[in-house]
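*Asks:* Top to bottom, those sequences are chains A and B.
Numbers given in the working numbering equal positions in the first sequence, counted from 1, plus 776.
Numbers given in the working numbering equal positions in the second sequence, counted from 1, plus 212.
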Amino acid sequence: MVGMSVLRSAAAFAARLSPLKSGNNAANLLTRTIPRTDKVAVRWGHGKKLFVIKPSDYYDRRFLHLLRYYILLTGIPVAIIVTSINIFIGEAELVETPEGYEPEYWEYYKHPITRWIARNICDSPVKDYEKMMAAIQTEKEKADWRLMELDVRRQMRQKGDGPWFQVSTLNKELIDNSPKATPDN
Amino acid sequence: MPSDFDKGAYPEPPRQTPAVDKQTALPNPALILSKLFYYSVDLPVTTFRDAIDSIRSKNKAVYYHQKFRRVPDLTDCQEGDYLCYYEAEMQWRRDYKVDQEIVKVIQERLRACQQREGASYMENCANEIKQFNEVAKDFQSRYGDLGAYGSARKCLMKQKERMMAAQAQSA
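Now the structure itself:
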């Protein structure tokens, strides 16, 4: 009787197990061992995968990527060019000026890039000097002419014998000096 | 690259290291470290530099030292001759740069002397110290306190003040 209820409850339990699961066939249903949870081998692998909620770093990473890209776009060619110039062309050496030789104005610089810039882009220092002297000469002449003009104005206004500061009056020959009939003519 | 100091002007004293007299069988750590440094740092760097110099030596450029003609000073200029003023001003600026470099050379000598002598530099470098003090005092009295817009004219006025002060003191 008691065995009947135990068998019934066991049958009900067996009916609840799904037949599709792999360990649930008739051979090992009643004979399988009960797993002891305190003696199972636990391995800490890569850890549990977590979905970390943090603010978006898309914009920061995009900014840094673009920064590196645009800096290196011209930075790397410039670095390669300057390195190859320093290796293959190299800086100049200081020597005494040979007798009777007038060096060109770019031959007074040491680094090849400076020499190139001085030769092709900038004017020679002598030319710059002369340009400045020409500007000073022009301004000096302007200042002298202005001072002379002031002096001339003063003289002509004072003496009155020059072409400036002449106030034109009416023609004296238009005056009728003949005697008039009434005093208010 | 900064050049090495003039070895003829400052000759190294004769070496007084005694001959090696090893009395133990243990290896010398200083020797080991120096060999290590030589093979790991000195030799690669020297071979690299020699390689680059051999590439460079095919097209060697030279550069010269520019010498400027002397032009009349500010005191030799007529009044109102602005061209003469400009040339004198440029010459004064070049002389100012030259004087700055002179002071730097004297400073460098003093620094080298101090480095060489070590702890007893106050006695052994007395010449260099005296020279540097004189040069610095002269530079200060000629070019000091002219300010950022210093010009030949201001320097001349400063000289005039100096001469007036000297005359007032001697009188």
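The C-beta atom is built at its ideal place from N, Cα and C for all residues, glycine as well.
These figures come from a predicted structure and were not determined experimentally.
Using three-state DSSP, classify B:Val347 as helix, strand or coil.
*Replies:* helix
*Asks:* Measure the Cβ-Cβ separation of B:Val274 and A:Val928 and say whether it is below 8 Å.
*Replies:* no
*Asks:* Could you tell me which residues DSSP puts in a beta bridge with B:Tyr275?
*Replies:* A:Leu870
*Asks:* Can you pull the chain B residues whose beta carbon is under 9 Å from the beta carbon of A:Ile863, in chain order?
*Replies:* Ile264, Ile267, Arg268
*Asks:* Between B:Thr287 and B:Tyr297, what straight-line distance do the alpha-carbon atoms span, to the nearest angstrom?
*Replies:* 9 Å
*Asks:* Indicate whether at least one CB of chain B lies closer than 8 Å to the CB of A:Lys903.
*Replies:* Judged by the 8 Å Cβ criterion, A:Lys903 is not in contact with chain B.
*Asks:* Does any C-beta atom of chain A lie closer than 8 Å to the C-beta of B:Ala273?
*Replies:* B:Ala273 counts as touching chain A.
*Asks:* I want to know whether the segment 307-316 of chain B touches the segment 274-284 of chain B - three or more CB-CB distances under 8 Å.
*Replies:* no
*Asks:* When burial is assigned at 16 or more other CB atoms within 10 Å of the CB, is A:Leu926 buried or exposed?
*Replies:* By the neighbour-count criterion, in which 16 or more other beta carbons inside 10 Å mark a residue as buried, A:Leu926 falls on the exposed side.
*Asks:* Report buried or exposed for A:Ala911, applying the criterion of at least 16 other Cβ atoms within 10 angstroms of its Cβ.
*Replies:* The Cβ neighbour count for A:Ala911, taken over all protein chains shown within 10 Å, is under 16; the residue is labelled exposed.
*Asks:* Anything in chain B within Cβ reach of A:Lys886, meaning under 8 Å, just list it in chain order.
*Replies:* Tyr275
*Asks:* Would you mind listing the beta strand (DSSP E) stretches within the segment 890-919 of chain A that are 3+ residues and don't spill past its ends, in chain order?
*Replies:* none
*Asks:* Which residues of the segment 274-299 of chain B have a Cβ closer than 9 Å to any Cβ of chain A? Give them in chain order.
*Replies:* Val274, Tyr275, Tyr276, His277, Gln278, Lys279, Gly292, Asp293, Tyr294, Leu295, Tyr297, Tyr298, Glu299
*Asks:* Taking Cβ-Cβ distances below 7 Å as the criterion, which residues of the segment 866-883 of chain A are in contact with chain B?
*Replies:* Against chain B - using a Cβ distance shorter than 7 Å - the residues of the segment 866-883 of chain A are Gly866, Ala868, Glu869, Leu870, Val871, Thr873, Pro879, Glu883.
*Asks:* Would you check if the distance between the CB atom of A:Pro901 and the CB atom of A:Tyr881 is smaller than 8 Å?
*Replies:* yes
*Asks:* Just to make sure I have the definition right: I need the residues of chain B whose C-beta is within less than 9 Å of the C-beta of A:Arg912. Which are they?
*Replies:* At residue 912 of chain A the sequence reads Ile, which differs from the Arg that was named. Against chain B, the beta carbon of A:Ile912 has neighbours under 9 Å at Tyr294, Leu295, Tyr297, Tyr298, listed in chain order.
*Asks:* Can you check whether the CB of B:Tyr308 is closer than 8 Å to the CB of B:Tyr355?
*Replies:* yes
*Asks:* Provide the residue span of the alpha helix (DSSP H) that contains B:Cys367, from first to last.
*Replies:* 364-382
*Asks:* Nearest to A:Phe864 by alpha carbon, out of B:Glu335, B:Pro230, B:Lys247, B:Lys272?
*Replies:* B:Lys272
*Asks:* Measuring alpha carbon to alpha carbon, tell me which of B:Trp304, B:Asp293, B:Met334, B:Ala331 ends up nearest A:Ala919.
*Replies:* That would be B:Asp293, whose Cα lies nearest to the Cα of A:Ala919.
*Asks:* Using the beta-carbon of each residue, which ones in chain B are nearer than 7 Å to A:Lys916?
*Replies:* Tyr294
*Asks:* Can you tell me where the alpha helix (DSSP H) holding B:Arg183 begins and where it ends?
*Replies:* Outside the shown range of chain B, which is 213 to 383, sits residue 183 of chain B, and nothing can be said about it.
*Asks:* Would you give the residue range spanned by the alpha helix (DSSP H) that A:Thr859 belongs to?
*Replies:* 834-860
*Asks:* Quick check: what's the CA-CA separation for B:Arg328 versus B:Thr259?
*Replies:* In this structure, the alpha-carbon of B:Arg328 lies about 29 Å from that of B:Thr259.
*Asks:* So that I know if they touch, is there some Cβ in chain B lying closer than 8 Å to that of A:Met924?
*Replies:* no
*Asks:* Grouping DSSP H, G and I as helix and E and B as strand, with all else coil, what is B:Ile244?
*Replies:* helix
*Asks:* Just to confirm, are A:Arg933 and A:Phe941 a CB contact at a threshold of 8 Å?
*Replies:* yes
*Asks:* Considering just the uninterrupted stretch of the alpha helix (DSSP H) at A:Tyr884, what are its terminal residues?
*Replies:* Segment: none, A:Tyr884 is in no alpha helix (DSSP H) and carries neither H nor E.
*Asks:* Could you confirm whether any beta carbon from chain B is found closer than 8 Å to the beta carbon of A:Ala932?
*Replies:* Reading the sequence as shown, one finds Met at residue 932 of chain A and not Ala. For A:Met932, the closest Cβ of chain B is not nearer than 8 Å.
*Asks:* Would you mind giving the Cβ-Cβ distance between B:Glu340 and B:Leu322, rounded to the nearest angstrom? I have them listed as a contact below 8 Å.
*Replies:* B:Glu340 to B:Leu322, Cβ: 5 Å. Contact.
*Asks:* Along the chain, where does the alpha helix (DSSP H) containing B:Cys296 start, and where does it finish?
*Replies:* 294-329
*Asks:* Taking the alpha carbon of A:Glu867 as the reference point, which residue from A:Gly876, A:Ile889, A:Thr850 has its own alpha carbon closest?
*Replies:* A:Ile889
*Asks:* State the Cα-Cα distance for the pair B:Asp218 and A:Gln913, rounded to the nearest angstrom.
*Replies:* 47 Å
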